[in-house]
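Inspection log for the structure reproduced underneath, given as structure tokens.
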Amino acid sequence: MVQTISWADHCRMKWTGFSYNYGWSRYVVLFDGWIAKCAMAVPIVGYLILFNDSISQHISFNKLASENLIGFGVSPIARLKCIYFGLIFLGSANILYRLRRPFVFKIGTNQFDYVEKALRHFTASTYIDIHGTIRHEGHVTLHGKYYDAEYDDFLDDALGREESDHRGEKSGDWTAAKLKYEHLLRSILIENFFRNNVKRRYSLTACIVLAFIGYILLFIPSADLFVKVLVVSLRSILA
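The opening position of the sequence shown corresponds to residue -9 in my numbering, with each subsequent residue numbered one higher.
The following block contains the structure:
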């Protein structure tokens, strides 16, 4: 007998999956793309150009969209204000992202970039710190469920075993240990990235909201101009 899942259980499962994976890496493109980065200069450009009466009153599309004849849509001044405030919201989202982003995003904005850069640049002490955090706070993914015995073997090969060599110094080969235990190090780094990726979710939500409002405000003048050009083109074809 096939057991069916109720609509409420289905929604609950979807929400559980969403809340578990709700992290910065999925949305960073919204508030850290080139548009959002350039938008931080808008306060200066806006006051000098967009709200300059001598310039804004001449910005219209009378020839392209016959705005002086069409009796609907957004006015040129309102369109400029939408662009201005849209870029302000995007710039604010980018600034908030840079202030509140988890530390791992200074290394890479997605799991792949973070792991590859960390494998090249992290030292043994960094892995020791990350391992300590994982074991203290508990693992949140299967990648964090690696064996401590294997981790201890990695440290022995990287830093030197307990027994000393004939010169009284510990012998260790960091490069060889990284190659030998790369799968272990990747598991540690993936666990660490995911753990930090889902932190500061209130700040993430604020960044998404600011960016969403910004893109909506930028979309309004674009859609308005598109509709006007389309109407004018259709009139000329059907006339």
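By construction, the Cβ of each residue, glycine as well, lies at the ideal position given by its N, Cα and C atoms.
Contact annotation: the stretch 132 to 145 does not touch the stretch 76 to 84, with fewer than three C-beta pairs closer than 8 Å. Under the three-state reduction of DSSP, residue 163 is assigned to coil, being neither helix nor strand.
The beta carbon of residue 30 sits closer than 8 Å to the beta carbons of 81, 84, 85 from its chain, once the five residues preceding and following it are set aside; these are given in chain order. Straight-line spacing of the CA atoms in residue 208 and residue 28 works out to 14 Å.
Taken through DSSP and simplified to helix, strand or coil, residue 23 comes out as coil. For the 8 Å CB-CB criterion, residue -1 and residue 99 do not form a contact. In terms of Cα proximity to residue 181, the closest of 97, 73, 128 is 128. Pairing residue 126 with residue 177 gives a Cβ-Cβ distance that is not under 8 Å. Residue burial is scored here from C-beta neighbours: residue 168 has at least 16 other C-beta atoms within 10 angstroms and is therefore classed as buried.
Counting of Cβ neighbours within 10 angstroms places residue 183 among the buried residues, the total reaching 16 or more. For the pair of segments examined, the stretch 85 to 95 was found to touch the stretch 190 to 208: the number of CB pairs separated by less than 8 Å reaches three. By alpha-carbon distance to residue 213, the top candidate from 109, 113, 73 is 73. Judged by DSSP secondary structure, residue 113 falls outside any alpha helix (DSSP H); it is assigned neither H nor E. The Cβ atoms of residue 108 and residue 97 lie closer than 8 Å to each other.
Residue 174 places its beta carbon 8 Å or farther from that of residue 105.
For the pair residue 142 and residue 116, the Cα-to-Cα distance works out to about 15 Å.
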